[in-house]
Amino acid sequence: WQVKWIKLGSATYSLDQIENEILRPQFRDARIHFAVNCAAKSCPPLLNQAFTGAQLDQLLDRQARAFINNAQYNSISAKQIEISKIFEWYAADFGNIVEYLNQYSQTKIEPKAKVTYKEYDWSLNE
317 WQVKWIKLGS
327 ATYSLDQIEN
337 EILRPQFRDA
347 RIHFAVNCAA
357 KSCPPLLNQA
367 FTGAQLDQLL
377 DRQARAFINN
387 AQYNSISAKQ
397 IEISKIFEWY
407 AADFGNIVEY
417 LNQYSQTKIE
427 PKAKVTYKEY
437 DWSLNE
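Per our numbering, the sequence shown runs over residues 317 to 442.
See the structure below:
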């Protein structure tokens, strides 16, 4: 993730740099976190198609819904949520977490729901 091997123009970047120095600052869209994958078991699954301009919003929404509503990554009920550490690490990107989740969650979360975070499984997702 930290190895610089991707050439963009005259510079060489790591995947971490692409995510945190290019994508997040330039696009300011929290859905990016559901589109990138660090190959750990707790990372959102990769989409099996390219993100293209014409379909970008639709694909990012689909990835957000799929990740947020997948019990492997998040446990959501009206009064209590146990969610991925991604939401804690990048809290500034998501803003009010309950409001953000309610855009995509199949279960309506109450504004004062108890929020906890799942342990992140860094083992390789083979």
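Backbone N, C-alpha and C define an ideal beta-carbon position, used for all residues, glycine too.
- Around the beta carbon of F367, fewer than 16 other beta carbons sit within 10 angstroms, so the residue counts as exposed.
- Secondary structure at K430: strand, using DSSP grouped into helix, strand and coil.
- A Cβ-Cβ contact shorter than 8 Å links Q379 with R347.
- Pairwise C-beta distances place the segment 328 to 336 out of contact with the segment 409 to 418, as fewer than three of them are shorter than 8 Å.
- Linking I402 to I413 through their CA atoms gives a straight-line distance of about 11 Å.
- Taking C-beta separations shorter than 6 Å and ignoring five residues to either side along the sequence, the partners of V319 in its chain run S330, following chain order.
- Contact between K434 and S400 holds: their C-beta atoms lie close to 6 Å from each other, under 8 Å.
- In the displayed model, I348 falls within a helix according to three-state DSSP.
- In the displayed model, A370 falls within a helix according to three-state DSSP.
- Among the bridge pairs identified by DSSP, E415 is matched with none.
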